[in-house]
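For reference, the structure discussed in these notes is given below.
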Amino acid sequence: MTRPAIAIDLGGSHAKIAVVQVDKLLAAHEVSLDSAEKLRPALDVFAQAVRELLAELHLNAADCQGVALGFCGLADARIGRVVSTNKKYEDAPSIDFRAWSQQEFELPFAIENDARMALLGEQHVGAARGCDNVVMITLGTGIGGAAMIEGKLLRGKHAQAGCLGGHLPAKVGGRPCTCGAIGCLEAEASGWALPYIAREWDGFAHSDLAKCETINFRALFELAAAGDRIAEEILQHCLNVWATGAVGLIHAYDPERIVIGGGVMRRADVILPYIQNYVNAHAWTPWGKVEIVAAQLGNDAGLFGATPLLTGIV
Ligand SMILES: [Zn+2]
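Residue numbers for the sequence shown follow the numbering used here, beginning at 554 and rising by one.
This is the structure in structure tokens:
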């Protein structure tokens, strides 16, 4: 019987602390955080939350296999540390998490980038179960990614391999991206970029998008469905960017399946068939067709990555 795992999923504005066992979320607690603040004081909050969850479940720390942290930046699982934080929790690279876990719970500790944790979760008990060659993309405010090849999570020398799928260049002469590159998937079709894309679109002033208080994908899908020509054009652009990115990821990583998650996937009914058809027509996969599927675990995917990460099967 697999022992329960303590899982912490750290995002830019909140953390979810949970005890998971294979495909079951035994208990969870969410806390709000400010990513501009230091992470070190938050570890005390996490430790307290873990103790409360264990008490609620009548478990001791010794009953668990370890503590796993999914981090919203580059982390190196091999050394158990954060490598780079991109303006979030800037003290994180200086923290010795293994020592913290040992001191608080006398348990082993594992850390991984949050997108890789989500892929691990989906591969362990979600949409990629039984599939050893898989790429995951999350479409949201940004675009995240991770890749697994022959059952091994792709990490690379600097712990950034496979993580930067959202920063694959998709358009020559495209929009500047926050990462320093130009025409990235993120810069061309993500939540943060959408208002800029829309306002610069030819004919924007005549679109109902111009009347929206917030230009987001929900509004874009609704207006496109209602026949707003500019919204249709922009949506078509975004679908093409995502589909182009999917082909790039297939050619780079040779997956059998691409799992797509993130908030934009509320319209999976439009997105999945579009990308599947595009990939069928344009990806070079003489062995067959790459399946394009929706993520199944939602925001909890990273928590379910704790068990395979700690088990060391990846
Ligand atoms: Zn970029």
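From the three backbone atoms N, C-alpha and C, an ideal C-beta is built for every residue, glycine too.
Around the beta carbon of Q789, a 10 Å sphere encloses fewer than 16 other beta carbons of the protein chains shown; the residue is thus reported as exposed. The Cβ neighbour count for N666, taken over all protein chains shown within 10 Å, is at least 16; the residue is labelled buried.
From the listed residues Y642, G727, G780, the smallest Cα separation to G564 is found for Y642.
With contacts defined by Cβ atoms closer than 9 Å, V794 and E753 do not form a contacting pair. The continuous stretches of beta strand (DSSP E) do not include G798, which lies in the alpha helix (DSSP H) extending over residues 782-806. A595 and E703 have their C-alpha atoms spaced approximately 36 Å apart. If you look at M701, you'll find it in the beta strand (DSSP E) that goes 696-702.
Under the three-pair Cβ rule at 8 Å, the segment 647-664 counts as touching the segment 607-625.
By alpha-carbon distance to G858, the top candidate from A671, C716, L692 is A671. No residue range can be given for I768, since it is assigned to no beta strand (DSSP E) and is classified by DSSP as neither H nor E. DSSP places D587 in the coil class of the three-state scheme, outside both helix and strand. Here the alpha carbon of I768 sits roughly 10 Å from the alpha carbon of D761.
Spatial neighbours of A751 in its own chain (CB-CB distance under 7 Å, excluding positions within 5 residues in sequence) are listed in chain order as F757, L762, I768, I787.
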